[in-house]
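A short write-up of the structure that comes next.
Protein chains in written order, with my numbering: chain B, 3 to 354; chain G, 2 to 289; chain A, 26 to 276.
The structure is reproduced here in structure tokens:
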């Protein structure tokens, strides 16, 4: 292996840059609906936020911990269905129904983790797909609970009433404004998930998750209880995926096994992460910025092609950019030789 | 009792075709250690080729196999050379994602070209059945089983008796050692993928008279193929043969006794149980 | 997650007892009725031709898999069936024959992973990591990716990482394999220093000169069985040991 050239020392103050930039972007996004009134633009941003949430959530388990679940649709579906069923059949307000959905997704995650985490690599992937399919078949066949293939249609979103005062009534809003509450909810949740990812990466969790990803056996021998930490990663991942599912259900107003529990949904989450760069905080954001406009743009002109595009994207990324866009950029950046240091011929070791 | 025998027999007949799919998958895995998530889509492609050969040229599906085998072999070889060969040393997760992507491309291209309308291939004997002592046996399934048996026999002969077949087995057993002994492992990988695709496509051709044909039909077969291969042990052709029959029978029995909608569920649950408790397969042979 | 340090072994006590340990893989006996004891603060050399079962023994001792028969006692406590992470928390840690760096993480992060076995605070872990990297003289390489290191540094990194877990006993599996003379000398010095600081060590090594320099006692395995045990001079001049190595180049 060629000895890499010495890296230039990281200039201080660079760490502050991302925060400043992030803050600026956030500020712009926060006030955007005041300037941009088109509901379609709001819609695109909401899809973007949803994609970011799903990608960041998957990233905790797949990117950091290296457990590639291609069956995360199971948690998405649990989130969507529990919220909708509680709302549709028991008139439980969605902001209340969200919590049982998340709790149930955690329970489901623990069960799935117990079954699948003893499996490694591709076997784990297969098991995760099988589990998601089982959920889809249950949703398809348990018609009393889920309406089967007909799905559940949201008639209208109940008003948010706190202490007798109606704070928000989406069903009473004019069409141009009806998406705005979802815009802010989506933005807020996206910020939260990104913050969670950041917190994970800068804590013991991040170190342990990545150690598991890099070499499970080595990690095990260093005092890391694999089962505990994998499940922890899964719980965080599942909770936010379920939250995304719940959000999706309320926003689109219609769910069926086909748009919440299929392998397509699972693959989407994985795709968003690998396009951007697995195991990075901003990777899913980059991935979302590629996938959502592309798929929307194509849908407008060519109809149902987004799955085809996903497939092509997956193939291209795996073949040519397995570390994602961010990884590719990083490789370009570190290939540049240090300006001051003499170029050492390959193979010699620079002794300190 | 008749219900039981009936289900058992039709399960075995279908199981034969499943076995072909499983064998194809296990050969690909055995030679390259790649888990082909697009395998069901290869079955689907075989189905469509057969359908169009029949509807456009009137070629009987079972006769059409003569076209399907070489076409699918070439297609598989193409896939290996163009895509799969590049990821042989990548993370297994990435290999899986690549084949998932390929599968998506295949099924969605077919959908774009031919719409997602369900097609039915109706031959004169599509609903024909043979009556054997009170048990009704589907005619097309019987014919396909016989053809499957013949093909499987030919495949075993190929793997055991021919030089190329033995080279393939050597590559599957120990790639480096085989290479050191002069085997062109790259070529073996291409051939293995070709064979795998041909088997999958043939399976598609064989069941086309009895299954709805639509672009997404592949995904059910992919997962089923994995259950079969895990059951029989990754890389074991004999295991895949037996696994296919077992899955065919369990599916048939659960459809008869539980509910037809849940028969797939049953297969997946079985899959998880095997993965968790006997990951080396029922026959205990595993290379992972 | 408990990060507390366990009770330390009494100086001079039998910190590790391997009693009639056997390990079968199908029909193959990788270890067969192996028995020996390691005294706290000493260095045991574990030698034997390739395939003798040395790494298998390490795996049994550290919980990678349980022994098929026999007992492993660490500080008087039965270890059979304990998983590797619990073994590490109890104070016994190992390095790997084929090094296992956490490739996409930096040198510092690698060692911090070890340190986090004893603390939940990143700041404390970072300090511990710097300390251990100083011990192996790699404190200037903290920002390098572990996967890009040359073999000598990977070996040292693995030692530093293991030491960061604050063990009482370290099992080194061919830690000098593939190193040049200067690097080997560095490792030998490190092992001797660790002994001075009170660590107990079991060292698997093929380099006989090195083993002679560092070991207080030697156990020789052959075909899974214990062939000989005793003072280094005794074992190395033992006729059976020499015969076992014939067919292999003796350094």
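Every residue, glycine too, gets a C-beta built ideally from N, C-alpha and C. These numbers come from a predicted model, not from an experiment.
Whole angstroms are fine: how far does the CA of residue 167/G sit from the CA of residue 137/B?
Reading the first chain from its first residue, position 135 is the one you call residue 137/B. Reading the second chain from its first residue, position 166 is the one you call residue 167/G. Each residue's alpha carbon lies about 42 Å from the other.
Relative to the C-alpha of residue 50/G, which residue among 72/G, 270/G and 21/G is closest?
Mapped onto the second chain, residue 50/G falls at position 49. Checking every option, the nearest Cα to that of residue 50/G belongs to 72/G.
Interface flag, residue 169/G vs chain B, CB-CB below 8 Å
Position 168 of the second chain, counting from 1, holds the residue named residue 169/G. So, not an interface residue.
Could you name the residues of chain G that residue 143/B contacts, counting a contact when the two beta carbons are closer than 9 Å?
Locating residue 143/B in the first chain gives position 141, where the first residue counts as 1. The contacting residues are 260, 262, 263 and 266.
Going by C-alpha distance, which of 28/B, 121/B and 111/B is nearest residue 75/B?
For the purposes of this step, residue 75/B is taken as the residue at position 73 of the first chain. The option with the nearest alpha carbon to residue 75/B is 111/B.
Check the Cβ of residue 321/B against every Cβ in chain G and list those closer than 8 Å, keeping chain order.
Residue 321/B sits at position 319 when you count from the first residue of the first chain. 84, 87, 88 and 99, listed in chain order.
For a contact meaning CB atoms closer than 7 Å, what does residue 102/G contact in chain B?
To locate residue 102/G, count along the second chain from 1; it is residue 101. What residue 102/G touches in chain B: 313, 316, 317 and 320.
Assess, as a yes-or-no matter, whether the region 233-252 of chain B is touched by the region 172-185 of chain A under the definition of 3 or more beta carbon pairs within less than 8 Å.
no
Please report the straight-line C-alpha distance between residue 155/B and residue 87/B, rounded to a whole angstrom.
Residue 155/B sits at position 153 when you count from the first residue of the first chain. Residue 87/B sits at position 85 when you count from the first residue of the first chain. Between residue 155/B and residue 87/B, the C-alpha separation is close to 10 Å.
Does the beta-carbon of residue 63/G have 16 or more other beta-carbons within 10 angstroms, so that it is buried, or is it exposed?
Your numbering for residue 63/G matches position 62 in the second chain. By the neighbour-count rule (16 or more Cβ atoms within 10 Å), residue 63/G is buried.
Pick from 146/A, 104/A, 42/A and 184/A: whose alpha carbon is nearest that of residue 159/A?
Locating residue 159/A in the third chain gives position 134, where the first residue counts as 1. Ranking 146/A, 104/A, 42/A and 184/A by Cα distance to residue 159/A puts 184/A first.
Determine, using beta carbons only, whether residue 334/B comes closer than 8 Å to chain A.
Translated into positions along the first chain, residue 334/B becomes position 332. No, because no Cβ of chain A sits closer than 8 Å to the Cβ of residue 334/B.
If we count the other Cβ atoms within 10 Å of its Cβ and call it buried at 16 or more, is residue 6/G buried or exposed?
Taking the first residue of the second chain as position 1, residue 6/G is located at position 5. Burial call: exposed.
Members of the region 109-125 of chain B that neighbour chain G once the beta carbon cut-off is set at 9 Å:
117, 118, 120, 121, 122, 123, 124 and 125
When 143/G, 150/G and 261/G are compared against residue 10/G, the one with the closest alpha-carbon:
Translated into the one-based positions of the second chain, residue 10/G becomes position 9. Per the Cα distances, 143/G.
Roughly how far, in whole angstroms, is the beta-carbon of residue 133/A from the beta-carbon of residue 154/A, given that I think they are within contact range, below 8 Å?
Within the third chain, the letter at position 108 stands for residue 133/A. Within the third chain, the letter at position 129 stands for residue 154/A. The pair is a contact, with the Cβ atoms about 6 Å apart (cut-off 8 Å).
To the nearest angstrom, how far is it from the Cα of residue 206/G to the Cα of residue 281/B?
As a position in the second chain, residue 206/G is number 205, starting the count at 1. As a position in the first chain, residue 281/B is number 279, starting the count at 1. Approximately 43 Å, taken between the alpha carbons.
Please list the partners that residue 83/B has in chain G, where partner means a Cβ-to-Cβ separation under 7 Å.
For this step, residue 83/B is matched to residue 81 along the first chain. Those within 7 Å of residue 83/B in chain G number zero; the least Cβ separation is about 17 Å.
CB contact flag (residue 1/G, residue 214/G, <8 Å):
Residue 1/G lies beyond the residue range present for chain G, which begins at 2 and ends at 289; the question has no answer from this structure.
For residue 198/A, write down the residues that DSSP places opposite it in a beta bridge.
Reading the third chain from its first residue, position 173 is the one you call residue 198/A. Answer is 229/A, bridged to residue 198/A.
Does the beta-carbon of residue 181/B have 16 or more other beta-carbons within 10 angstroms, so that it is buried, or is it exposed?
What you label residue 181/B is simply residue 179 of the first chain in a count that begins at 1. Under this definition residue 181/B is a buried residue.
Between residue 226/B and chain A, is any beta-carbon pair separated by less than 8 Å?
Position 224 of the first chain holds residue 226/B. At least one chain A Cβ lies under 8 Å of residue 226/B.
Enumerated in chain order, which unbroken segments of the alpha helix (DSSP H) with a length of 4 residues or greater are wholly contained in the region 108-180 of chain B?
123-143 and 145-148
Give me the subset of the region 82-110 of chain A whose CB atoms are less than 8 Å from a CB atom of chain B, sorted by chain position.
87, 89, 108, 109 and 110
Kindly indicate the opening and closing residues of the alpha helix (DSSP H) around residue 200/G.
As a first step, residue 200/G must be located in the second chain, where it is residue number 199. 186-208 is the span of the alpha helix (DSSP H), which, as asked, contains residue 200/G.
So residue 77/B and residue 240/B are supposed to be a Cβ contact under 8 Å. How far apart are they, rounded?
Here residue 77/B refers to the residue found at position 75 when the first chain is read from its first residue. Here residue 240/B refers to the residue found at position 238 when the first chain is read from its first residue. Confirmed, about 4 Å.
For residue 50/A, count the other beta carbons within 10 Å of its own beta carbon; 16 or more makes it buried, fewer makes it exposed. Which is it?
The residue you call residue 50/A lines up with position 25 of the third chain. Answer is exposed; the Cβ neighbour count stays below 16.
Per DSSP, what are the beta-bridge partners of residue 44/A in this structure?
Start at 1 with the first residue of the third chain, and residue 44/A comes out as number 19. Note: residue 44/A sits in a beta bridge opposite 96/A.
Any beta carbon of chain B sitting closer than 8 Å to that of residue 134/A?
As a first step, residue 134/A is located in the third chain; it is residue number 109 there, counting from the start. Closer than 8 Å: yes.
If I follow the unbroken alpha helix (DSSP H) through residue 267/A, where does it start and stop?
Stepping through the third chain from its first residue, residue 267/A is reached at position 242. That run of the alpha helix (DSSP H) goes 264-270.
Contact set between residue 222/B and chain A, taken where Cβ atoms lie within less than 9 Å
Position 220 of the first chain, counted from the first residue, corresponds to residue 222/B. Near residue 222/B (Cβ distances below 9 Å), the residues of chain A are 88, 89, 108, 109, 110 and 113.
Using a Cβ cut-off of 8 Å (strictly closer), state whether residue 94/G contacts chain B.
Here residue 94/G refers to the residue found at position 93 when the second chain is read from its first residue. Output row for residue 94/G: interface = yes.
Counting only C-beta atoms, is residue 269/G closer than 8 Å to chain B at any point?
For the purposes of this step, residue 269/G is taken as residue 268 along the second chain, with counting starting at 1. Yes - at least one Cβ of chain B is within 8 Å of the one on residue 269/G.
Could you give the distance in angstroms between the alpha-carbon of residue 350/B and the alpha-carbon of residue 166/A?
Here residue 350/B refers to the residue found at position 348 when the first chain is read from its first residue. Here residue 166/A refers to the residue found at position 141 when the third chain is read from its first residue. Low confidence applies here, because residue 350/B scores a pLDDT of 45, under 50, leaving its location unreliable and the question unanswered by this model.
Could you tell me whether any Cβ in chain B is nearer than 8 Å to the Cβ of residue 33/A?
For this step, residue 33/A is matched to residue 8 along the third chain. It does not: the Cβ of residue 33/A has no partner Cβ on chain B nearer than 8 Å.
Since residue 118/A meets chain B, which of its residues come closer than 9 Å, beta carbon to beta carbon?
For the purposes of this step, residue 118/A is taken as residue 93 along the third chain, with counting starting at 1. Correct list: 223, 224 and 225.
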